[in-house]
Amino acid sequence: MAALDDVTSAAPASATSSPQRPARKHVTVISAGSILGRSEDPEGEHVSTAGVSVDFTTSAGQVDWVTSQEFLRASFASSVLQCFGRSLWQADSFKYSFKSSSIDQYWSHSWAERSWKKLLLLLWLNNGTMAVIFSTFTALGVIPLYTLGFLPSLSGLAASAASAEVSIWCVAAGLLGLLLGMLLWRPGKMVFIDKVCLNEVPEVPEVPEGDGQLKQEGMRNIGACLKHSKSMLVLWDPSHAQQLQAIFELATFLKCHEGEKVHLDIRPTMLAPFLLVNLAGNVFIAVAQILVPFDHNWSIFLVAACFAPYFLACGCLLRSYFASIQGLKDQLGFFSIDDTVCLQCDRKILLECIHVWFGSIEDFERYVCIKVARVFSQRLGNFLCQYWMVIILSAPIFWAHLDMIAKAVVSEDYGTASLLAVTAFTWWLGILPAAYVLFIALMAKSQRRQLRRTSNALKLCWRAVPPCALVLFSKFSTEVVIENNLREAFLGICIFAGTMIIPCYLVWRASTKFAWTLVLIPGHMGITLWMTGLSGSGKSTISVALERALAENQAKSYFVYRLDGDNLRFGLNRDLGFSPQDRKENVRRVSEVSKLFAEAGAIVVAGLISPYAADRDYAREVHKNASLPFMEVFVDAPLAAVESRDPKGLYKKAREGKIKGFTGIDAPYEKPGTPGNPVFVDDVALLGSQMAAVFDSSPPGLAAGGTHEDTAAIKANIIQESERVSWLYSAFEIRWQPAPRKFLHNAMHEMDQRLDMLNQRLEEVQMPQSEMLEDTHVIQSLAKVEQQWGKELGKLKTELHQMIFAHNHNADLMKHQKDTLDKIRHDSLSRSPGSGATQISNARSMLASADARIKAIQANFQKMDPLVPRVTALELRLHHWHAAGGLSGPPAMGAPPLGAYGFEPRPVPNPPDYEATVESPDDEENEEEDEEEDDNLGALRGILGKAIDASSAG
Ligand SMILES: Nc1ncnc2c1ncn2[C@@H]1O[C@H](COP(=O)(O)OS(=O)(=O)O)[C@@H](OP(=O)(O)O)[C@H]1O
Ligand SMILES: Nc1ncnc2c1ncn2[C@@H]1O[C@H](COP(=O)(O)OP(=O)(O)O)[C@@H](O)[C@H]1O
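According to the UniProt record's numbering, the sequence shown is numbered sequentially starting from 1.
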């Protein structure tokens with residue numbers, strides 16, 4: 001329980017937000033057993049207390065943290081929603097739930113939000129589509145009743161006698177149908193909602209009732225219910241991120257379904273009033289459309305006057321919604337559990353659950369900052385732009401058209417009726433959705449510009465102009481076509497509908513895209529970028545450029561802090577010299593300062609010579625212990641280059657012996673070599689690529705300093721390092737180098753073909769041999785072979801040699817990956833089952849798939865093996881011919897003997913640049929080697945010749 005005490009002391013029960021957040025203790029991962037105050041058996045699967053044994057494993061053998069199956073509960077959505085959602089109001093709503101290990105949807109909500117909003121939204125989301133279909137068919141069904149005279153006509157406000165009789169039966173029937181559909185439709189899915197499934201206590205014999213223990217036990221099992229849920233619906237409101245239970249539910253759902261395809265729906269509760277206002281507004285417009293025909297000069301002003309409050313109401317709702325999304329950015333980007341509140345939930349139990357599912361509070365917070373924030377940004381950015389929702393909203397306009405069609409049919413004006421049918425669909429499916437989405441996008445934009453309150457109303461009206469213009473334009477053009485062409489214009493109206501659909505589609509596309517750009521950007525995590533390199537290598541220059549690029553030229557500006565070793569020696573480290581001990585202390589202090597800044601969320605760019613690998617490892621360790629990412633970037637400028645720059649004249653002085661112990665001259669610099677242990681963090685690769693982009697965009701600092709000869713290397717280093725750092729966290733996704741693999745595959749194929757060709761040609765050459773030709777012919781043939789294919793074979797060997805290099809290098813990479821996998825496997829096995837069963841089981845399945853991939857790639861590599869003996873055989877044959885035929889000169893095979901490259905993976909000192917080798921095999925080098933061999937043989941011949949001469953003379 002000691003670990004638990006740590007938790008509670010780290011996260012006080014009072015949920016007040018503290019301006020100065022106390023430094024947290026590191027809480028070790030605790031097992032579910034210790035959380036529940038129980039003793040675990042050695043297997044870790046059965047937990048017992050007071051003689052109670054509870055099985056934590058499912059039939060599939062997975063641990064799912066359910067203390068009793070009784071706590072896995074669900075209710076039918078219809079039972080929750082029936083009778084105006086009475087289960088949500090009643091005290092004894094628990095009776096509507098039942099034991100179920102399968103939950104279709106988990107309904108998560110915040111207790112701070114008003115119940116009517118949540119209920120209305122639930123009704124809308126679950127019954128809305130069916131209700132609209134039902135109501136539209138009801139409205140359609142009314143047309144024959146009206147046209148056959150079963151329903152009376154009403155008097156319109158029109159002056160002309162022809163249009164005096166009108167019908168609003170379709171609108172009325174549609175409305176009634178909508179209401180009945182919403183209230184009476186019974187969705188059959190099984191859902192979990194805490195009010196019904198959790199707030200009361202089930203009868204579990206193992207757990208004694210009293211002091212709310214059962215209720216607490218139910219809370220403990222929330223995670224299991226989330227794990228057993230196939231999808232989730234979040235009823236979001238601005239207080240959501242501050243509600244510990246709500247944010248825990250969402251984070252846990254994401255966590256325990258990582259890598260699975262599950263459905264997550266996040267809907268703001270503000271949708272409920274928005275839908276009500278829109279529905280009411282559209283019904284009003286529909287009725288106005290029927291009663292006040294558009295042919296009156298004054299009617300347009302009347303309609304506009306009626307529109308205004310409706311627009312204002314919608315605009316205000318939308319703007320407050322978008323403002324709350326902006327708030328979410330701060331809430332989640334810098335999420336802290338201390339800032340959350342617990343309404344109707346037990347904070348202590350939720351903290352226990354967080355430890356079970358996330359390992360520690362810090363891990364949970366990080367998960368919320370990164371993963372949950374991203375999910376919100378994806379889902380909430382364009383929530384209203386869904387087509388089906390707008391279709392439901394604008395259904396009353398369609399019903400109004402049905403009424404007008406009914407009226408036209410009664411007047412036996414079938415031409416107008418058919419024209420109206422076309423326009424009804426054009427309006428319903430094209431124009432109105434486009435106008436809606438345009439309006440929403442404009443409201444989002446107005447929020448981003450943060451209008452001042454005084455000008456709000458005016459600007460809102462101004463923003464309403466484009467969608468209104470779109471609507472009015474289509475209305476006018478419809479009327480013009482109807483008025484002027486009537487029956488003959490059927491084709492015309494079809495063309496009109498078609499031409500309206502295209503701009504509507506374009507407006508829709510543009511607006512939804514526009515709304516998408518509203519996505520919130522979560523605050524970034526801290527990270528330290530440790531620049532190491534000789535004095536004058538460019539650490540400061542690159543750091544300044546990075547700082548500027550990250551802080552100024554990004555869509556979101558990062559919080560960057562630069563620590564320069566040289567400058568720090570004037571203050572923090574002024575008492576230090578350049579002895580190894582002092583340099584160690586220098587690095588230690590700067591590491592600690594970097595860690596503090598990174599903890600506060602900064603991207604720290606520290607530039608220190610830090611010549612000793614052990615000191616840099618220490619800096620890495622400091623960050624690793626604080627779960628902070630650390631990237632070591634080697635600013636790799638050679639000594640000759642920095643000495644020629646010598647901006648401070650220090651190298652000169654050092655050479656003259658005026659400065660002692662100068663790095664690179666008479667003090668060592670240990671180049672960075674093997675990478676350290678990866679740190680779990682997300683988005684570092686992205687940051688790395690952004691930083692690497694700095695080198696492409698010639699930032700001011702670098703441009704002024706000219707082109708750094710090692711810029712490309714530094715850039716590659718940053719990318720490589722960031723990939724390495726982010727490697728583990730990115731769900732164990734293993735990045736294989738694609739280029740060498742592709743190269744190997746293609747090269748093997750090509751070489752296979754060329755070997756076939758060579759063999760074929762050799763067979764041709766052998767033909768005369770078998771016919772026992774004279775020696776001279778054989779010698780001539782062999783000379784031809786030598787001339788034509790010796791070089792070819794040499795080239796082939798060179799390529800195979802390069803392939804073997806690539807193969808060995810890839811094998812090294814694989815070995816590295818495999819070692820890391822083994823380490824992870826070892827770590828995961830050594831962790832207790834309470835430390836996050838899901839992570840471990842996920843990790844294990846990923847390890848298994850990674851193993852399978854390694855094996856597959858190894859098998860692929862093995863295909864290269866037969867090529868080597870074939871080339872060697874050819875080589876031998878040529879060699880024998882040489883020996884037999886006494887050809888002049890050695891065969892032109894530039895590459896070293898193939899036997900030199902074993903097929904066992906082994907370290908290659910300087911792996912070749914694969915891209916370069918594919919594109920341009922190093923012919924020059926081969927030729928040089930050829931020449932060298934020629935020279936050697938020439939010398940040998942010379943010696944032999946002299947020996948023969950001497951012997952003949954003797
Ligand atoms: N003996 C000796 N060796 C190396 N460097 C020397 C020395 N004496 C002074 N300087 C200047 O000090 C700057 C290096 O400080 P650092 O804190 O980065 O060095 S270290 O990490 O402690 O090795 C370094 O600045 P930069 O050129 O910016 O790296 C030098 O200008
Ligand atoms: N990319 C570059 N190309 C050419 N010269 C550079 C580059 N980066 C730095 N320099 C030059 O090298 C010198 C030392 O750079 P500086 O950033 O002060 O190195 P350090 O901080 O490692 O001592 C400066 O004169 C600078 O103009």
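Glycine included, C-beta positions come from ideal geometry on N, C-alpha and C.
Is residue 672 a contact residue of ligand 2, with contact defined as CB to any heavy atom under 7 Å?
Answer for residue 672: no, Cβ out of range of ligand 2.
Quick one: what's residue 669 bridged to in DSSP?
Beta-bridge partners of residue 669 (DSSP): none assigned.
Could you tell me whether any Cβ in chain B is nearer than 8 Å to the Cβ of residue 310?
Note that chain B does not occur in the displayed structure, where there is just one protein chain.
Helix, strand or coil: how does DSSP classify residue 575 here?
The three-state reading of DSSP puts residue 575 in coil, since its state is none of H, G, I, E or B.
Just the C-alpha distance for residue 138 and residue 173, rounded to the nearest angstrom, thanks.
Distance from the CA atom of residue 138 to the CA atom of residue 173, rounded to whole angstroms, is 6 Å.
Hey, out of 634, 421 and 307, whose CA is closest to residue 398's CA?
Residue 398 has its Cα closest to that of 421, out of 634, 421 and 307.
Beta strand (DSSP E) runs wholly inside the region 244 to 293, at least 3 long, in chain order
263 to 268, all fully within the region 244 to 293.
Less than 8 Å between C-beta atoms, sequence neighbours within five positions excluded: which residues of the same chain meet that for residue 195?
Contacts found: 87, 88 and 93.
Spatial distance of residue 116 from residue 272 (CA atoms):
Taking the straight line from one Cα to the other gives about 9 Å.
What residues are listed by DSSP as bridge partners for residue 603?
In the DSSP output, where bridge partners are listed per residue, residue 603 has 527 and 560.
State yes or no: is the C-beta of residue 245 within less than 8 Å of the C-beta of residue 342?
With respect to the 8 Å criterion, residue 245 and residue 342 are classified as neighbours on the basis of their beta carbons.
From the DSSP output, which residues share a beta bridge with residue 105?
Beta-bridge pairing links residue 105 to 191 and 231.
Taking just the CA atoms, how far does residue 588 sit from residue 536?
Taking C-alpha positions only, residue 536 is separated from residue 588 by approximately 22 Å.
Collapsed DSSP secondary structure at residue 570 in the structure displayed
Under the three-state reduction of DSSP, residue 570 is assigned to coil, being neither helix nor strand.
Apart from the five residues just before and just after residue 661, which ones in its own chain have a Cβ nearer than 8 Å to its Cβ?
Cβ neighbours of residue 661 beyond the five flanking positions: 578, 579 and 667.
Nonlocal neighbours in the same chain, by C-beta distance under 7 Å from residue 185, ignoring five residues either side:
These residues qualify, in order along the chain: 127, 130 and 131.
Where residue 283 falls, given that 16 or more other Cβ within 10 Å makes a residue buried
That one is buried.
Leaving aside the five residues before and after residue 428 along the sequence, list all residues of the same chain whose C-beta is less than 8 Å from its C-beta, in chain order.
The residues are 391, 394, 395, 397, 398 and 401.
Nearest by alpha-carbon distance to residue 534: which of 873, 598 and 650 is it?
Considering only alpha carbons, the answer is 650.
Note down the Cα distance separating residue 940 from residue 640, rounded to an integer number of angstroms.
Below a pLDDT of 50, predicted positions are generally treated as unreliable, and residue 940, at 40, falls in that range; no measurement from the model is reported.
With a threshold of 8 Å on Cβ separation, who are the neighbours of residue 84 within its own chain once the five nearest residues in sequence on each side are excluded?
Excluding sequence neighbours, residue 84 sits near 119 and 183.
Do residue 611 and ligand 1 come close, with the Cβ less than 7 Å from some heavy atom?
Judged by the Cβ position, residue 611 qualifies as a neighbour of ligand 1 at the 7 Å threshold, a heavy atom of the ligand being closer than this.
So the candidates are 591, 307 and 560; which of them puts its Cα closest to the Cα of residue 573?
Taking only the C-alpha atoms, the option nearest residue 573 is 591.
Is the beta carbon of residue 147 closer than 8 Å to that of residue 1036?
Nothing about residue 1036 can be reported from this structure: the residues present for the chain run from 1 to 954 only.
Under the three-state reduction of DSSP, which class applies to residue 340: helix, strand or coil?
Taken through DSSP and simplified to helix, strand or coil, residue 340 comes out as coil.
First through last residue of the beta strand (DSSP E) which encompasses residue 75:
Residues 73 to 76.
For residue 108 and residue 197, believed in contact at Cβ under 8 Å, the rounded distance:
12 Å between Cβ atoms; not a contact.
Can you give me the C-alpha to C-alpha distance between residue 795 and residue 632, rounded to a whole angstrom?
The alpha-carbon separation between residue 795 and residue 632 amounts to approximately 40 Å.
Contact check, residue 576 vs residue 567 under 8 Å by CB: the rounded distance?
Not a contact, Cβ separation roughly 13 Å.
Own chain, CB closer than 8 Å to residue 756, minus 5 neighbours either side, in chain order:
No residues qualify anywhere along the chain.
Please say whether residue 528 and residue 594 have beta carbons closer to each other than 8 Å?
Yes, the Cβ-Cβ distance between residue 594 and residue 528 is below 8 Å.
Please work out which residues of its chain come closer than 7 Å, Cβ to Cβ, to residue 622, disregarding the five sequence neighbours upstream and downstream, and give them in chain order.
Excluding sequence neighbours, residue 622 sits near 591, 592 and 595.
To the nearest angstrom, report how far apart residue 238 and residue 356 are at their CA atoms.
Each residue's alpha carbon lies about 27 Å from the other.
Sequence-distant residues of its chain with Cβ nearer than 6 Å to residue 142 (five each side left out):
So the qualifying residues of the chain are 169, 170 and 173.
Buried or exposed (CB count within 10 angstroms, at least 16 for buried), residue 465:
Around the beta carbon of residue 465, fewer than 16 other beta carbons lie within 10 angstroms, which makes this residue exposed.
On the premise that residue 191 lies in contact with residue 103, defined as a C-beta separation below 8 Å, what is that separation, rounded to the nearest angstrom?
Between residue 103 and residue 191 the beta-carbon gap is near 7 Å, inside 8 Å, which marks them as a contact.
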